[in-house]
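In the working numbering, the protein residues as written are 1030 to 1418.
Listed below in structure tokens is the structure:
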């Protein structure tokens, strides 16, 4: 909430912006770099089925219209997941001429009353640095952890010592790869080629046997430095990316807005988007109230339920590619992308939707993510909703 954000600003040496809109102050003290200790088209219906019925679907031609720009964005990609043993090997031997850069993106829902930075401070994969999805975000948005401007993302990369050519691996301490998937998607949005997610996160690293953990103390200002850099880049009055260091250019095909989806809904049978909702069944059907105050219950009309947990197996590992293929809805999403539809994932606030994007990326299928998701749609009474099904 606002109190947390104000506290974070103070930790970065930034002025606290009041509700009256006091002008933002410049950074009051220099940011510190991370220390060497932690570097190295279907018609709308009144009620769509809760789950996709493959047997009832009409056949789709994969070559009907060719690949869309968003599908092309995923073409030729290697598996975006990496195992603990493979990461350990890369850290030991180096990945080609560039050493792998490891990021911990641990994040918790507010209801958990936990802070991912505390997890990182306790123990981490050697050389890991912290990536805060709440801090490396658009500070002008009323919604949390929305995609930052390119300039701000680049500033965070410079603070992390990451170049465009560096291989990057992202993980979470709790194993479930939703915030790591979000961070992975952010890198993809800004054109980073070599970025992967540690399958199973830190628990997989620990259970692999014999792999080291870094438990050395890390100063909070070092942990917060990338987020502070992203904030400072948004307060200097410029919207242009810096010519120094990391080069970030937004791939707009990977991001969907409320306006994009509303425009698509208006096309009826000619809709270009195939919507997948990563939330649980109760929230999707509208039978379970939203935790966030002021949000209606339900779903975007015409969307299908693909609970992100259905893509995972015990221990936080993602299901194998063979197991993912067993889902009729998963197959349909790939088919729709193959014929030119834009597969678009949504969720509560734009985090677990990225698990869908990560899973489909394993099959060279790119997914656009509705960044505001239900926090945006559900709060706007002018946006249509469906319930039941």
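The beta-carbon is built from N, C-alpha and C at its ideal position, and this holds for glycine as well.
task: Just confirm the distance between the C-beta atoms of residue 1406 and residue 1329, as a whole number of angstroms; I'd bet it's less than 8 Å.
output: 6 Å
- prompt: Do the segment 1132–1151 and the segment 1189–1207 meet, that is, are 3 or more Cβ pairs less than 8 Å apart?
  reply: yes
task: State the DSSP-derived secondary structure class of residue 1335, mapped to helix, strand or coil.
output: coil
query: Taking residue 1167 as the reference, which of 1277, 1319 and 1180 has the closest Cα?
result: 1180
- request: Tell whether a beta-carbon distance below 8 Å holds between residue 1240 and residue 1204.
  value: no
query: Would you call the segment 1113–1120 and the segment 1204–1220 in contact, with 3 or more CB pairs under 8 Å?
result: no
field: Bounding residues of the alpha helix (DSSP H) (the contiguous stretch that carries residue 1146)
entry: 1145–1151
query: Do the segment 1327–1342 and the segment 1298–1317 meet, that is, are 3 or more Cβ pairs less than 8 Å apart?
result: yes
- prompt: By Cβ distance below 6 Å, which residues in the same chain neighbour residue 1416 in space, the five residues on each side in sequence not counted?
  reply: 1315 and 1327
task: Could you check the C-alpha separation between residue 1193 and residue 1220 for me, to the nearest Å?
output: 8 Å
message: Is the beta carbon of residue 1255 closer than 8 Å to that of residue 1188?
response: yes
task: Name the residue from 1323, 1357 and 1308 whose alpha carbon lies nearest to the alpha carbon of residue 1338.
output: 1308
Where residue 1300 falls, given that 16 or more other Cβ within 10 Å makes a residue buried: buried
- request: With a 10 Å radius around its C-beta and 16 neighbouring C-beta atoms as the bar for buried, classify residue 1320 as buried or exposed.
  value: exposed
- prompt: In terms of DSSP beta bridges, what is residue 1373 paired with?
  reply: 1304 and 1397
task: Determine the direct distance from the alpha carbon of residue 1346 to that of residue 1158, and round the result to whole angstroms.
output: 22 Å
- prompt: Can you find a C-beta in chain B that's less than 8 Å from the C-beta of residue 1203?
  reply: Looking for chain B here will not work: only one protein chain is present.
- prompt: Quick one: complete beta strand (DSSP E) runs, 3+ long, within the segment 1338–1364?
  reply: none
field: Straight-line gap, residue 1273 to residue 1289 (C-alpha atoms, nearest Å)
entry: 33 Å
query: How is residue 1087 classed by DSSP in three states: helix, strand or coil?
result: Note on residue 1087: pLDDT 31, under 50, position unreliable in the model; the coordinate value appears next. The answer is coil: DSSP assigns residue 1087 none of H, G, I, E or B.
- request: Give a yes or no on whether the C-beta atoms belonging to residue 1372 and residue 1396 are separated by under 8 Å.
  value: yes
field: Cβ-based burial, residue 1351 [other Cβ within 10 Å; buried from 16]
entry: exposed
Beta-carbon proximity list for residue 1403, same chain, < 6 Å, skipping 5 on both sides: 1377
- request: Please specify which runs of the alpha helix (DSSP H), each continuous and at least 4 residues long, are wholly inside the segment 1164–1217, giving them in chain order.
  value: 1179–1189
- request: Under 7 Å Cβ to Cβ from residue 1143, same chain only, skipping five residues before and after it: list those, please.
  value: 1137
- prompt: So what does DSSP say about residue 1289, is it helix, strand or coil?
  reply: helix
query: If we count the other Cβ atoms within 10 Å of its Cβ and call it buried at 16 or more, is residue 1342 buried or exposed?
result: exposed
Residue burial classification, residue 1370 (beta-carbon count within 10 angstroms, cutoff 16): buried
query: Which residue's Cα is closest to the Cα of residue 1412: 1367, 1344, 1363 and 1295?
result: 1295
message: Less than 6 Å between C-beta atoms, sequence neighbours within five positions excluded: which residues of the same chain meet that for residue 1263?
response: 1168 and 1181
query: Where do the ends of the beta strand (DSSP E) carrying residue 1133 lie?
result: 1130–1133
Opening and closing residue of the beta strand (DSSP E) in which residue 1154 lies: Looking at the DSSP string, residue 1154 is not in any beta strand (DSSP E), and its letter there is neither H nor E.
query: So residue 1138 is in the beta strand (DSSP E); what residue range does that whole segment cover?
result: Unbroken run through residue 1138: none, as it is neither H nor E.
message: If I measure Cβ to Cβ from residue 1140 and keep anything under 7 Å in the same chain, skipping five residues before and after, which residues do I get?
response: 1320
- request: Report all residues from its chain with a CB closer than 7 Å to the CB of residue 1388; omit the five preceding and five following residues, and keep chain order.
  value: 1340, 1347 and 1353
- request: Measure the Cβ-Cβ separation of residue 1305 and residue 1374 and say whether it is below 8 Å.
  value: yes
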